[in-house]
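So the number in the numbering used here is just where the residue sits in the sequence shown, counting from 1, plus 7. All remarks here apply to the structure that follows.
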Amino acid sequence: MDEHINIFKALSDATRLKIVWLLTNIDEKICVSEIVEVLDEYQYNVSRHLKILKKANLVEEVKEGKWVFYYLTPIKSEFRQLIQEAIKTIPESQMNNEIHKCKLLLAERPK
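Laid out in structure tokens, this is it:
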């Protein structure tokens with residue numbers, strides 16, 4: 008039951024929900040600086056939110072050179088699958104600006 012409570016607590020904040028929504032819908036790893044720019048948040052706040060999402064096992068990180076990228080934790084339970092499906096139902100129209108910024112940033116990444 009604690010896992011379920013931690014997930015709901017983690018997703019109860021609008022910024023954390025936006026981070027998970029972005030990771031769900033862009034299907035890419037993203038770094039803190041990209042999230043900062045996309046969500047127009049301070050770096051400290053984004054890092055704090057990512058720490059909470061990691062504690063709830065919603066996101067994981069991987070270091071590539073000097074960059075740390077975040078991605079969704081692979082789904083291993085029916086509960087997590089249902090949560091992911093619920094997040095996908097948030098209309099894109101609620102995140103148009105963020106989607107546009109994110110696509111531009113991803114296009115600028117070195118290949």
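C-beta: ideal position from N, C-alpha, C; glycine also.
My assumption, with CB atoms under 8 Å, is that threonine 22 sits in contact with glutamate 48. Please give the rounded CB distance. As a position in the sequence shown, residue 22 is number 15, starting the count at 1. As a position in the sequence shown, residue 48 is number 41, starting the count at 1. Confirmed, about 6 Å.
Is tyrosine 49 helix, strand or coil by DSSP? Your numbering for residue 49 matches position 42 in the sequence shown. Residue state, collapsed to three classes: coil.
Using alpha carbons as the reference points, say which of Asn104, Pro117, Glu105 and Trp28 lies closest to leucine 65. Here residue 65 refers to the residue found at position 58 when the sequence shown is read from its first residue. Of the candidates Asn104, Pro117, Glu105 and Trp28, the one whose C-alpha sits nearest the C-alpha of leucine 65 is Trp28.
Across which residues does DSSP place lysine 70 in a beta bridge pair? Taking the sequence shown and counting its residues from 1, one reaches residue 70 at position 63. Its beta-bridge partners are Val75.
Any contact of the region 30-37 with the region 102-114, i.e. 3+ C-beta pairs under 8 Å? yes
The region 57-64 contacting the region 9-23, beta-carbon criterion three pairs below 8 Å: yes
Can you grab the Cα-Cα spacing for the pair proline 81 / arginine 55, in whole Å? Position 74 of the sequence shown, counted from the first residue, corresponds to residue 81. Position 48 of the sequence shown, counted from the first residue, corresponds to residue 55. Between proline 81 and arginine 55, the C-alpha separation is close to 21 Å.
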